[in-house]
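Peer 1: So that you can map any letter, position 31 of the sequence shown is 35 in this note's numbering, and since no number is skipped, the others follow by simple counting.
Heads up, the beta-carbon is just placed ideally off N, CA and C, and yes, glycines get one too.
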Amino acid sequence: MSKEHIHEHNHNHDHDHSHDHVGQSKFQAAFDSFTPSLSSEQIQVEIKKLIDHHYDSLNNKQTIKFLHSTVDLTSLGAEDNADQIYNFVKGVNELDDTNPEIPPVASICVYPNFAKTVREALVVEGVNVCCVSGAFPSSQTFPEIKVAETSLALADGADEIDIVMHLGNFFSGDYKAVTEEIQELRDVTKGHTLKVILETGALKTPENIQRASILALYSDADFIKTSTGKGYPGASMEAAYVMCSVLKQYNDLFGIKRGFKVSGGVRTTEEAIQYLCIVKGILGEEWMTNKLFRIGASSLEGDLLKHLG
Numbered sequence: 005m006s007k008e009h010i011h012e013h014n015h016n017h018d019h020d021h022s023h024d025h026v027g028q029s030k031f032q033a034a035f036d037s038f039t040p041s042l043s044s045e046q047i048q049v050e051i052k053k054l055i056d057h058h059y060d061s062l063n064n065k066q067t068i069k070f071l072h073s074t075v076d077l078t079s080l081g082a083e084d085n086a087d088q089i090y091n092f093v094k095g096v097n098e099l100d101d102t103n104p105e106i107p108p109v110a111s112i113c114v115y116p117n118f119a120k121t122v123r124e125a126l127v128v129e130g131v132n133v134c135c136v137s138g139a140f141p142s143s144q145t146f147p148e149i150k151v152a153e154t155s156l157a158l159a160d161g162a163d164e165i166d167i168v169m170h171l172g173n174f175f176s177g178d179y180k181a182v183t184e185e186i187q188e189l190r191d192v193t194k195g196h197t198l199k200v201i202l203e204t205g206a207l208k209t210p211e212n213i214q215r216a217s218i219l220a221l222y223s224d225a226d227f228i229k230t231s232t233g234k235g236y237p238g239a240s241m242e243a244a245y246v247m248c249s250v251l252k253q254y255n256d257l258f259g260i261k262r263g264f265k266v267s268g269g270v271r272t273t274e275e276a277i278q279y280l281c282i283v284k285g286i287l288g289e290e291w292m293t294n295k296l297f298r299i300g301a302s303s304l305e306g307d308l309l310k311h312l313g
């Protein structure tokens, strides 16, 4: 089952009933080309093995510096305003002045209306402007609004866009709608990084998380991301294990490396290292770069800096 089959199907808007049936079987074929996920119990056993094997070798200043370089430093509050975001960015600029030996964060992640504020305030080279978009965090609005919001964020200077998979369509089994919407936003974000949030706390089961990961990757997401950090349980080691397993198989099948972003409740250096154990254990050394691994966080950054102090 090739990725192109899903693309071809999705760009063919024939809504004849028998055609829809063929469409569903194509998605099933995509799911079937991956090894079924382990049970939650089996996954917990595997996670413990990975952490036991890798933790001590990763628990050092060099790794913590690397982790700092993977952070999408995030401010997504209802009370955010331009002054506050300006000061948020100033903190990144000042750290680069006072501690040049610590690699800067990967990006600053904000609501799309603050893309311009971040772009204008940011002076550190190599730090991207990241915006959530597409009716974050619920993904519930008209597709045209999602396209407009994403286009405006890019026009205001966003380098990276984080969108949320439409869970309503996912749970109703309308995988065609799920993938078409992501692909439409993929078209808008060409040349920029697109991350698709699965909201693993809502998906709950390893099978759902695996299916959502496959749909996002087949829709050309650059990264799959665990959570919005809003309303549902955030990141979990189990979700990370399933998502990384899909990324590995996807690379084995197509020779294409896609990224993994963990977000939602990762607050301590210890937790960040544990997630890194899963990434390194499943995906290997090649994923130990902020081009393929990110952590969405706000308070974590302070804890990492404390360990580097």
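1. Compare the Cα-Cα distances from PHE35 to each of PHE70, ALA220, LYS284, GLU274 and report the closest residue.
2. Can you list, in chain order, the residues of its chain with a C-beta nearer than 7 angstroms to that of ILE149? Leave out the 5 residues immediately preceding and following it.
3. Out of LEU158, ALA225, GLY130, GLU275, state which residue places its alpha-carbon closest to the alpha-carbon of ARG190.
4. Looking at C-alpha atoms only, which residue of ASN117, GLU188, VAL136 is the closest neighbour of PRO147?
5. Quick one, which of ASP178, ARG123, PHE175 has its alpha-carbon nearest GLU164's?
6. Is SER61 helix, strand or coil by DSSP?
7. Measuring CB to CB, does ILE186 end up less than 7 angstroms from SER223?
8. On the criterion of 16 or more Cβ atoms from any shown chain inside 10 Å, does LYS52 qualify as buried, or is it exposed?
9. Here's a check: name, in chain order, each residue in its chain whose Cβ is nearer than 7 angstroms to the Cβ of ASN132, leaving out the five neighbours to either side.
10. Going straight from the alpha carbon of GLY288 to that of MET247, what length do you get?
11. In the structure shown, what three-state DSSP assignment does ALA276 receive?
12. So LEU158 and HIS196 are supposed to be a Cβ contact under 8 angstroms. How far apart are they, rounded?
13. Whole angstroms are fine: how far does the CA of ILE299 sit from the CA of TYR62?
14. Can you tell which of LEU171, ASP100, ASN212, ASP160 has its C-alpha closest to the C-alpha of GLU129?
15. Taking only the alpha-carbon atoms, compute the straight-line gap between PRO108 and TRP291 and give it to the nearest angstrom.
16. Using three-state DSSP, classify GLU164 as helix, strand or coil.
17. Assuming contact is defined by CB atoms lying nearer than 7 angstroms, are LEU71 and LEU308 in contact in what I supplied?
18. Are the beta-carbon atoms of ARG262 and LEU251 separated by less than 7 angstroms?
19. Opposite GLY300 in the DSSP bridges: which residues?
20. By DSSP, does THR293 sit in helix, in strand, or in coil?
21. To the nearest angstrom, how far is it from the Cα of LYS180 to the Cα of LEU312?
Peer 2: Reading off the structure:
1. Your numbering for residue 35 matches position 31 in the sequence shown. Minimum Cα distance to PHE35 is reached at ALA220.
2. In the sequence shown, counting from the first residue as 1, residue 149 sits at position 145. Within the same chain, ILE149 has close Cβ partners ALA139.
3. As a first step, residue 190 is located in the sequence shown; it is residue number 186 there, counting from the start. The residue with the shortest Cα to Cα distance from ARG190 is ALA225.
4. Stepping through the sequence shown from its first residue, residue 147 is reached at position 143. Closest option to PRO147, Cα to Cα, is GLU188.
5. By one-based count along the sequence shown, residue 164 stands at place 160. Considering only alpha carbons, the answer is ARG123.
6. For the purposes of this step, residue 61 is identified with residue 57 of the sequence shown, where counting begins at 1. Helix, per DSSP.
7. Position 182 of the sequence shown, counted from the first residue, corresponds to residue 186. Position 219 of the sequence shown, counted from the first residue, corresponds to residue 223. The answer is yes: Cβ separation under 7 angstroms.
8. Residue mapping note: residue 52 aligns to position 48 of the sequence shown, counting from 1. Its Cβ having fewer than 16 others within 10 Å, LYS52 is exposed.
9. As a working note, residue 132 is residue 128 in the sequence shown. Same-chain partners within the cutoff: ALA110, SER111, ASP163, GLU164.
10. Taking the sequence shown and counting its residues from 1, one reaches residue 288 at position 284. Taking the sequence shown and counting its residues from 1, one reaches residue 247 at position 243. If you take the alpha carbons of GLY288 and MET247, they lie about 14 angstroms apart.
11. For this step, residue 276 is matched to residue 272 along the sequence shown. Reduced to three states, the DSSP call for ALA276 is helix.
12. In the sequence shown, counting from the first residue as 1, residue 158 sits at position 154. In the sequence shown, counting from the first residue as 1, residue 196 sits at position 192. LEU158 to HIS196, Cβ: 6 angstroms. Contact.
13. Looking up residue 62 in the sequence shown gives position 58. Looking up residue 299 in the sequence shown gives position 295. The sequence shown places Leu at residue 62, not Tyr. Taking the straight line joining both Cα atoms gives about 16 angstroms.
14. For the purposes of this step, residue 129 is taken as the residue at position 125 of the sequence shown. Per the Cα distances, ASP100.
15. Within the sequence shown, numbered from 1, the residue matching residue 108 stands at position 104. Within the sequence shown, numbered from 1, the residue matching residue 291 stands at position 287. Going from the Cα of PRO108 to the Cα of TRP291 covers about 18 angstroms.
16. Reading the sequence shown from its first residue, position 160 is the one you call residue 164. Strand.
17. Sequence index remark: in the sequence shown, residue 71 carries index 67 (1-based). Sequence index remark: in the sequence shown, residue 308 carries index 304 (1-based). Yes, they are a contact pair.
18. Mapped onto the sequence shown, residue 262 falls at position 258. Mapped onto the sequence shown, residue 251 falls at position 247. In this structure, LEU251 lies closer than 7 angstroms to ARG262 by Cβ.
19. Counted from its first residue, the sequence shown places residue 300 at position 296. The partner list for GLY300 (beta bridge, DSSP) reads ASP76, SER267.
20. Here residue 293 refers to the residue found at position 289 when the sequence shown is read from its first residue. In the structure shown, THR293 sits in coil (DSSP, three-state: anything other than H, G, I, E or B).
21. For the purposes of this step, residue 180 is taken as residue 176 along the sequence shown, with counting starting at 1. For the purposes of this step, residue 312 is taken as residue 308 along the sequence shown, with counting starting at 1. Computed Cα separation, rounded: 47 angstroms.
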